[in-house]
Structures are given as structure tokens and as C-alpha cells.
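Undergrad:
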Amino acid sequence: MEIINIIEMKYLCALKDLLISLIASTIIIYGLNIAAGFAGADYTFTNGEAFIVWILMAILINNCLKR
């Protein structure tokens, strides 16, 4: 019974980290884009570019959470 609880806690912790990293990466990407817009730059992302940047930023944040 205790093994099941440990496995559930690992999954919940991993899910929590995943959600945090995905939400934080979205905020960071759009925050940088808005800040660049105020500075005069005009960045437009295609769907594929935005997805790749979003996933890479989430991986970076997830690695930072583990430290």
C-alpha cells in the first residue's frame, strides 16, 4: 500500500512541475514579446515557432526547478 502512495506522489509531483513550467514559459515568452514591442521591435511567431520556443522554455524551467 505504501508503494502505491509513493508512486502516486511521484506522479503528482511530476504533474505539478510540468504545469508550473508550461505556465511559466507562456508568461515569460509573451512577456518578452510585449517588452520587445514596447522597445519598438515587431516579433511575430508562426504556430510552429511558438510551439518550439514554448517547449524549450518549459524544459529550461523544469530543469531549473529540479535544482
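Numbering (this note's numbering), first residue to last: 324 to 390. Virtual Cβ for every residue (Gly too), placed ideally from N, Cα, C. Keep in mind that this is a model prediction, so the values were computed, not measured.
(1) Is it true that the CB of Y366 sits closer than 7 Å to the CB of A359?
(2) Hey, would you say S348 sits closer than 7 Å to W377, going by beta carbons?
(3) Straight-line CA distance for I384 to E325?
(4) Residues in the same chain with beta-carbon distance under 7 Å from L342, minus the five sequence neighbours each way, listed in chain order, please.
TA: Judging by the given coordinates:
(1) By one-based count along the sequence shown, residue 359 stands at place 36. By one-based count along the sequence shown, residue 366 stands at place 43. Cβ atoms of A359 and Y366: closer than 7 Å.
(2) The residue given as residue 348 occupies position 25 in the sequence shown. The residue given as residue 377 occupies position 54 in the sequence shown. Yes, Cβ-Cβ distance for S348 and W377 is below 7 Å.
(3) The residue you call residue 384 lines up with position 61 of the sequence shown. The residue you call residue 325 lines up with position 2 of the sequence shown. In a straight line, the C-alpha of I384 is about 31 Å away from that of E325.
(4) The residue labelled residue 342 in the question sits at position 19 within the sequence shown. Closer than 7 Å at the Cβ level, and outside the excluded window around L342, lies no residue.
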